[in-house]
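Some notes on the structure that comes next.
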Amino acid sequence: MTSSVHSLTTLRSHSSRSNASASVPANLTWMAHWSLLTAFLVVLSGCNFLPKDAADAQTKPSGAAQGQGATAVDVAIAATAPLEATREYTGTTQPLQEVAIRAQAEGQLRQLKVDVGDRVQQGQTLAQIDDSLLKAATTEAESELAARRSEISQLQTQVSDARTQVEQSRLQLQQAESDAARYEKLARDGAVTLQQAEQARTQAKTAAQVLRSSQEKVRNQQQAIVAANGRIVAQQAVVAQQQERRSYAVLTSPINGAVLTRSTEQGNLVQVGNELLRLGDFSRAKVTVQVSELGLAKVRLGGAAKVRLDAFPNEQFAGTVTRVSPAANPTSRLIPVEVTIPNSSGKVGSGLLARVSFTQQTTDRVVVPIAALQDDRVRNKQPNQPGANAGATGTTQPAKGNDKAQKTKGTVFVVTGEGEQAKVAARSVALGKQADGNVQVLTGLNPGDRYVARTSRPLKGGDSVRLSILSAK
1 MTSSVHSLTT
11 LRSHSSRSNA
21 SASVPANLTW
31 MAHWSLLTAF
41 LVVLSGCNFL
51 PKDAADAQTK
61 PSGAAQGQGA
71 TAVDVAIAAT
81 APLEATREYT
91 GTTQPLQEVA
101 IRAQAEGQLR
111 QLKVDVGDRV
121 QQGQTLAQID
131 DSLLKAATTE
141 AESELAARRS
151 EISQLQTQVS
161 DARTQVEQSR
171 LQLQQAESDA
181 ARYEKLARDG
191 AVTLQQAEQA
201 RTQAKTAAQV
211 LRSSQEKVRN
221 QQQAIVAANG
231 RIVAQQAVVA
241 QQQERRSYAV
251 LTSPINGAVL
261 TRSTEQGNLV
271 QVGNELLRLG
281 DFSRAKVTVQ
291 VSELGLAKVR
301 LGGAAKVRLD
311 AFPNEQFAGT
321 VTRVSPAANP
331 TSRLIPVEVT
341 IPNSSGKVGS
351 GLLARVSFTQ
361 QTTDRVVVPI
371 AALQDDRVRN
381 KQPNQPGANA
391 GATGTTQPAK
401 GNDKAQKTKG
411 TVFVVTGEGE
421 QAKVAARSVA
431 LGKQADGNVQ
441 VLTGLNPGDR
451 YVARTSRPLK
461 GGDSVRLSIL
471 SAK
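Numbering (full-length UniProt numbering), first residue to last: 1 to 473.
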């Protein structure tokens, strides 16, 4: 600035001398003035613009001032959580039991009393098939049974008569034998002739033959009754069969549930085996999901499962593993697993998209990102990498199945104070399992504590920090 003033003074004095000298040419005077003005502008420009290094030195704070600035950090709140993310499997809801109602008799469908969506009770009549032919066949079988029973009555009467005849023949035989013995004695005494005695013996033999014949007749009649009883039993079976066939004309519900499908209409002719209705038991609902070989370790028969339905986004259903297939799909290597959920209200229908996750009886621990630990080896980072909290040491132990050491201790910075008073305190923590970039904190950090999840530069206890806009409140 002093040079500029000096140049301006020189310009003025030179101008005065120019005016005083009348012998100097006018052109030379003008050129001199222009040269002096140019030099003045150059000097003035040098005074206003400093070199870049000097300007930076003036704007940048001193080393002491720079070290005292607050470090920008991202703050999170400690909370308990499972270490690994829960995997969900998708499936479709189905009724606990599904039954097809098929025709067991041929005929015209006279009545169909239910439609899709109707609730039914066990034993409720669903449909009626024309049973005219079945009724006639049943009546015929019953008439034949009555005839068989009448035959039995006749045979029993004949047996009774034959037994009476046997008794008469026995009496006649006794009389004939008595007469033969008397005539034989009289013949020896000469009171009667030998011929008369011989006739008496012949009559006794005839009476014995008549008795045997009567007894044989009784036995034959009894055998006829046995055979007739067999025919009656067979005819009773025919009658029962016809009655059972006739009962097929009335279709009833075997379960409590709802009608899923209706395959025919009233008035149609149905054949044996035709499906008329399909029923579902919705007292409980089931979901079948395909689980990989790796995920099967978390599944056990009778274990708990959580089921979410897109149809009811605000509800979660407690399920139970009721079936684990022993065979995996040979192509996809997936194992079908069946989960059952309660459905007492009946609002869970068939065909709804379900999301199933399997839970294990484990205790949740405080979980923090590995990047929040001061120990670099836990985070597999070098100390000079951005975001690394360098400078702390911890205890290591060999990791099973891995050559790398797994840390059991580390340091987490806990935030204390608010606003401009926010500072960090180093806290030693015991570490547990690690997975997916997170680590369990066994001791040293409690749920609700605020800790530094990420920092712009290394920290030490007592440093002032400035919370970023991403920090948890």
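Cβ atoms here follow ideal geometry from the backbone N, Cα and C, with glycine treated the same way.
Best match in the options for proximity to residue i [C-alpha to C-alpha]
i	options	result
Pro82	Val366, Thr90, Gln175	Val366
Ala70	Lys460, Asp436, Ala180, Ala472	Lys460
Val239	Asp118, Leu269, Ser143	Ser143
Lys135	Gln209, Ala237, Ala76, Gln241	Gln241
Leu442	Gln168, Arg450, Lys409, Ala422	Lys409
Gln104	Leu431, Val250, Ile255	Val250
Ala318	Ile469, Gln121, Val339, Leu133	Val339
Val259	Lys113, Leu431, Glu418, Gln108	Lys113
Phe358	Val299, Asp179, Val414	Val299
Arg450	Ala147, Lys473, Asp436, Thr411	Lys473
Gly267	Ala430, Leu431, Gly107, Arg466	Gly107
Leu109	Ser132, Gly117, Asp118	Ser132
Val116	Ala234, Thr138, Thr261	Thr261
Asp130	Arg246, Ala197, Gln196, Lys205	Arg246
Glu98	Asp281, Val368, Ile341, Asn343	Asp281
Gly273	Glu418, Tyr248, Leu171	Tyr248
Gln121	Ser332, Ala72, Ile255	Ile255
Pro336	Gln199, Leu145, Ile225, Ala327	Ala327
Ser150	Glu198, Ile232, Ala79	Ile232
Gln111	Gln172, Tyr183, Arg170, Leu277	Leu277
Gly432	Gly417, Val368, Glu293	Val368
C-alpha distance - residue i paired with residue j, whole-angstrom precision
i	j	result
Thr59	Asn438	Its pLDDT being 40, under 50, Thr59 is placed unreliably in this model, and the coordinates cannot settle the point.
Leu279	Leu269	21 Å
Val75	Gly257	55 Å
Asn446	Thr455	21 Å
Gly77	Gly462	A quick correction: the sequence has Ile, not Gly, at residue 77. Straight-line Cα distance between these residues: approximately 19 Å.
Thr193	Gln174	22 Å
Gln66	Gly448	Low confidence applies to Gln66: its pLDDT is 41, below 50, so where it sits in the model is not reliable, and the reading given next is rough at best. Their backbone Cα atoms lie some 33 Å apart in a straight line.
Arg284	Pro95	7 Å
Val452	Ala297	35 Å
Thr93	Ala237	45 Å
Val307	Arg87	12 Å
Gly190	Leu155	51 Å
Ser464	Ala422	6 Å
Val289	Leu467	45 Å
Ala187	Thr202	15 Å
Thr139	Ala146	11 Å
Gln215	Ala141	36 Å
Val415	Gln440	19 Å
Gly302	Asn343	18 Å
Thr331	Ile341	29 Å
Gly419	Glu293	51 Å
residue 487	Leu470	The structure shown does not extend to residue 487, since the chain is modelled only from 1 through 473, so no value can be given for it.
Gln128	Glu265	12 Å
Distance CB(residue i)-CB(residue j) smaller than 8 Å
i	j	result
Val291	Ala354	no
Ser263	Glu275	yes
Gln434	Ile370	yes
Ala207	Ala181	no
Leu334	Ser253	no
Val356	Tyr89	yes
Ala372	Val324	no
Val430	Gly444	Looking at the sequence itself, residue 430 is Ala, so the reference to Val does not match. In contact: Ala430 and Gly444 (Cβ atoms closer than 8 Å).
Thr80	Asp436	no
Ile225	Ile152	yes
Gln271	Arg148	no
Glu184	Ala197	yes
Residue-chain proximity (residue i, chain D), Cβ-Cβ < 8 Å
i	result
Phe413	Absence of chain D from the displayed structure is noted, only one protein chain being present.
Helix, strand or coil at residue i [DSSP, three-state]
i	result
Leu134	helix
Ser468	coil
Glu167	helix
Leu301	coil
Ala453	strand
Asp281	strand
Asn220	helix
Lys306	strand
Arg148	helix
Gly319	strand
Ser332	coil
Thr157	helix
Ser213	helix
Legend entry - Given 8 Å, three or more beta-carbon pairs between the region 348 to 355 and the region 305 to 316: yes
Inset, instruction - Would you check if there are 3 or more beta carbon pairs closer than 8 Å linking the region 155 to 166 to the region 197 to 214? - result: yes
Inset, instruction - Report yes or no: do three or more beta-carbon pairs, one from the region 221 to 231 and one from the region 150 to 165, lie closer than 8 Å? - result: yes
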